[in-house]
Amino acid sequence: MEASHDVVWTGDWQQDPGDEEILAYAHREKRVLITQDKDFGELAIVRGNPHCGIIRLSGYAGREQGKICAFILQAYEKDIAECAIITVNKNRIRIRPA
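Taking the working numbering, the leading residue of the sequence shown gets 1095, the next gets one more, and so forth.
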């Protein structure tokens, strides 16, 4: 499966600004945040931080992540456009609407 997406990888940043700033950056830039970290969901749900959608991958090796991300971005395009939080693991996909 091929996909063309504009990606910003925070691992390229000179220093880690912390989860709140990463989520704020993604929101300012109108980007979907893709992560393995549960903390971003907590920031969005519990604290009410604004976001443009979050996809959390759980239990996938690095080599699997690109393929599963491409699938989720295509299959759940409408949910993502509506700023859903999507949690993906090998047993299920859970969608929390905005």
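The beta-carbon is built from N, C-alpha and C at its ideal position, and this holds for glycine as well.
Quick caveat, the model's predicted, so the values are computed rather than measured.
Taking all protein chains in view, the Cβ of Ala1178 is crowded by 16 or more other Cβ atoms within 10 Å, so the residue is classified as buried. Each residue's CA atom was taken as its position, placing Thr1181 and Asp1110 some 23 Å apart.
If you draw a straight line from the Cα of Glu1114 to the Cα of Pro1191, it is about 21 Å long.
Check the Cα spacing between Ile1149 and each of Glu1123, Arg1157, Gly1142 and Asp1133: the tightest is with Asp1133. In the three-state reduction of the DSSP assignment, Arg1125 falls in the coil class.
Counting C-beta pairs closer than 8 Å gives three or more between the segment 1143-1160 and the segment 1112-1131, which meets the contact rule. For Arg1188, the enclosing beta strand (DSSP E) has its first and last residue at Ile1187 to Arg1190.
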